[in-house]
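Engineer: Per the working numbering, the sequence shown starts with residue 41, numbered consecutively.
Even glycine gets a Cβ: it sits at the ideal position worked out from N, Cα and C.
As the structure is a computational prediction, the values presented were derived from the model and not from experiment.
Dropping the structure in here first, questions after.
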Amino acid sequence: MKHFINLLFISLLSLNLVFSKTEASNFYSTEIISTYVFQSIGKPIPIIDRNNQMKYFISALNKSKNKQVRVAHFGDSIILGDIITEYLREKFQQKFGGQGVGFMNIISDDNRMRRTTIHTYSDDWEYVSFLTRNQKNLPVGISGALAIPKIGSWVKYEANPIYKSSAGFSLIKIFYRDADKTSQIQYSIDDGSPINVNLTEGDELKKLEIKLKSNSKKFHMKFIAGKSPIFYGVSLETNNNGVYVDNFPMRGNSGASLSNISEETLKQFNNEMHYDLIIFNYGANVSSTNQGIFTVYENKMVKVIEKFKKAFPEASFLLISSADRTQKVGSIFKTNPDVNFLIEAQKRIAERSGIAFWNLQEVQGGNDSMDDWVNASPPLALKDYAHFTYLGGEKVANFLFDALMNLMK
Numbered sequence: 041m042k043h044f045i046n047l048l049f050i051s052l053l054s055l056n057l058v059f060s061k062t063e064a065s066n067f068y069s070t071e072i073i074s075t076y077v078f079q080s081i082g083k084p085i086p087i088i089d090r091n092n093q094m095k096y097f098i099s100a101l102n103k104s105k106n107k108q109v110r111v112a113h114f115g116d117s118i119i120l121g122d123i124i125t126e127y128l129r130e131k132f133q134q135k136f137g138g139q140g141v142g143f144m145n146i147i148s149d150d151n152r153m154r155r156t157t158i159h160t161y162s163d164d165w166e167y168v169s170f171l172t173r174n175q176k177n178l179p180v181g182i183s184g185a186l187a188i189p190k191i192g193s194w195v196k197y198e199a200n201p202i203y204k205s206s207a208g209f210s211l212i213k214i215f216y217r218d219a220d221k222t223s224q225i226q227y228s229i230d231d232g233s234p235i236n237v238n239l240t241e242g243d244e245l246k247k248l249e250i251k252l253k254s255n256s257k258k259f260h261m262k263f264i265a266g267k268s269p270i271f272y273g274v275s276l277e278t279n280n281n282g283v284y285v286d287n288f289p290m291r292g293n294s295g296a297s298l299s300n301i302s303e304e305t306l307k308q309f310n311n312e313m314h315y316d317l318i319i320f321n322y323g324a325n326v327s328s329t330n331q332g333i334f335t336v337y338e339n340k341m342v343k344v345i346e347k348f349k350k351a352f353p354e355a356s357f358l359l360i361s362s363a364d365r366t367q368k369v370g371s372i373f374k375t376n377p378d379v380n381f382l383i384e385a386q387k388r389i390a391e392r393s394g395i396a397f398w399n400l401q402e403v404q405g406g407n408d409s410m411d412d413w414v415n416a417s418p419p420l421a422l423k424d425y426a427h428f429t430y431l432g433g434e435k436v437a438n439f440l441f442d443a444l445m446n447l448m449k
């Protein structure tokens, strides 16, 4: 079934992407992936960068010994649970240094899928995102979401050492706004003694930094007094330089709803985070029998990218195409015709916006290739023929990392 709702292109496929414990154990083993030998599926495809727009990111990488390099990976359900992002982060930190999973929301609908961090929270937060009603017109953050606590609301993050990049942190950054002098949180590290902190008042983005003396694994935060602020999220890092990669998934999102983040909010986040590369990784939720929809989508995304380029003037931008999506035709699985229309639109988006482009479907092997990924042993994609397993995500991340490194040659 195909849906087109208010230009958000929300698909039931993505919204219903939920895994039982059995499915999760089958597809998302927490064993270290380095023991796995990939089949010869997929092929290297270069990044197309006709305008040399990736120069900002390459320049930043060359200075990574002396500065923090930051990547924002925006996407739909294709990157839910840190899929693709987690191994891209690991590859970057292996080569350039840094440790930590980066930015995480307070409330997340993929916390049961995510392996790199054990993320739990109380059920009394008020949560607003692209996909919820925002009747108060509250200012969503860079992830497209926010959370407002009640007295006693809490959130906890625990490092899960499946990779070195996710094994710990020594620097915590808390992002919030709209606190006053009475607003107070309490936090603890590794189940230690609680510490109370007064938040800084103001109606613009604020950052509270907590620097630790050594690497830690657990961070617990509770709102304990005063006016309830808006919390955007927490970033788990180290005090070291290197590369940090933030995972910004939103199920059911086509990317067009990024227009709902104000340019001023984006600028404020950039002032704090200093992004060097913005990746857009969409496609699972853009589908229609009406080819005119792809022109509408193209125009919407060009405007989104224009806004982001103004907010992040010293960042490179990379648009990743839709993955292959197949459907059963007779006894075989063939690429959904919408996919090729969408990828052509995405090529035009990148060209019109003057940003780099990477064809993920071609990396997979072109038309009808998702069937090979689903039937690989072990599986590289789910049996919905649209989403990757974590092993498939690792394979995609390897190809993407190599393509990015080739730009440095």
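Have a look at Y216 and N407 and give me their C-alpha separation to the nearest angstrom.
Structural biologist: 44 Å
Engineer: Is G273 closer than 8 Å to F143 when the C-beta atoms are compared?
Structural biologist: yes
Engineer: Can you find at least 3 beta carbon pairs, one from the segment 89-99 and one from the segment 422-434, that sit closer than 8 Å?
Structural biologist: Below 8 Å, too few C-beta pairs join the segment 89-99 and the segment 422-434 to call them touching: fewer than three.
Engineer: Grab the span of the beta strand (DSSP E) containing K246 for me, first residue to last.
Structural biologist: 246-256
Engineer: Using a Cβ-Cβ cut-off of 7 Å (strictly less than) and excluding sequence neighbours within five positions of D412, which residues of its own chain qualify?
Structural biologist: I81, G405
Engineer: Measure the CB-CB distance between D150 and G121 and report whether it falls below 8 Å.
Structural biologist: Taking a C-beta distance under 8 Å as the contact criterion, D150 and G121 qualify as a contact pair.
Engineer: Please return the same chain residues whose Cβ sits closer than 7 Å to the Cβ of P269, not counting the five positions on each side in sequence.
Structural biologist: Take P269, set aside five residues on each side of it, and the residues of its chain with a beta-carbon closer than 7 Å to its own are Y216, R217, D218, A219, S223, L239, in chain order.
Engineer: Answer yes or no: do I383 and L359 have a C-beta to C-beta separation smaller than 8 Å?
Structural biologist: Contact: no.
Engineer: With burial defined as no fewer than 16 other Cβ atoms inside 10 Å of the residue's Cβ, what is the status of V369: buried or exposed?
Structural biologist: exposed
Engineer: Can you tell me whether K350 is buried or exposed, with buried defined as 16 or more other CB within 10 angstroms of its CB?
Structural biologist: exposed
Engineer: Is the beta carbon of K257 sitting closer than 8 Å to the one on G292?
Structural biologist: The answer is no: Cβ separation not under 8 Å.
Engineer: Given a threshold of 16 other Cβ atoms within 10 Å of its Cβ, counted over all protein chains shown, does T75 qualify as buried or as exposed?
Structural biologist: With a pLDDT of 38 at T75, under the threshold of 50, the predicted position of this residue should be treated as unreliable, and no value is reported.
Engineer: Is D149 helix, strand or coil by DSSP?
Structural biologist: coil
Engineer: Count the other C-beta atoms from every protein chain shown that fall within 10 angstroms of the C-beta of I318, then say buried if there are 16 or more, exposed otherwise.
Structural biologist: buried
Engineer: Classify L178 as buried or exposed, calling it buried when 16 or more other Cβ atoms lie within 10 Å of its own Cβ.
Structural biologist: exposed
Engineer: Exposed or buried, what is K107 when buried is set at 16 or more other beta-carbons lying within 10 Å of its beta-carbon?
Structural biologist: exposed
Engineer: Report the option in T366, P201, N236, G266 whose CA atom is closest to the CA atom of N415.
Structural biologist: T366
Engineer: Straight-line CA distance for L420 to M261?
Structural biologist: 36 Å
Engineer: Counting beta carbon pairs with one atom in the segment 157-176 and one in the segment 191-198, are three or more of them shorter than 8 Å?
Structural biologist: With a cut-off of 8 Å, the segment 157-176 and the segment 191-198 count as touching, because enough Cβ pairs lie within range.
Engineer: Straight-line CA distance for F259 to S228?
Structural biologist: So the alpha carbons of these two residues sit roughly 6 Å apart.
Engineer: Apart from the five residues just before and just after F263, which ones in its own chain have a Cβ nearer than 6 Å to its Cβ?
Structural biologist: Only P189, S193, I225 meet the Cβ criterion.
Engineer: Looking at the structure shown, is T70 part of a helix, part of a strand, or coil, going by DSSP?
Structural biologist: With a pLDDT of 39 at T70, under the threshold of 50, the predicted position of this residue should be treated as unreliable, though the coordinate-derived value follows. Reduced to three states, the DSSP call for T70 is coil.
Engineer: State whether the segment 282-289 contacts the segment 129-140, with contact taken as three or more CB pairs (one from each stretch) at a distance under 8 Å.
Structural biologist: yes
Engineer: Give a yes or no on whether the C-beta atoms belonging to I124 and G433 are separated by under 8 Å.
Structural biologist: yes
Engineer: To the nearest whole angstrom, what separates the beta carbons of F271 and I158, a pair I think is in contact under 8 Å?
Structural biologist: Actually they do not touch by this definition, with Cβ atoms about 19 Å apart.
Engineer: Quick check on E130: buried or exposed, where buried means 16 or more other Cβ atoms within 10 Å of its Cβ?
Structural biologist: buried
Engineer: If you compare alpha carbons, which of G181, G184, S206 is closest to T156?
Structural biologist: S206
Engineer: Please state if the CB of R110 and the CB of M313 are separated by a distance shorter than 8 Å.
Structural biologist: yes
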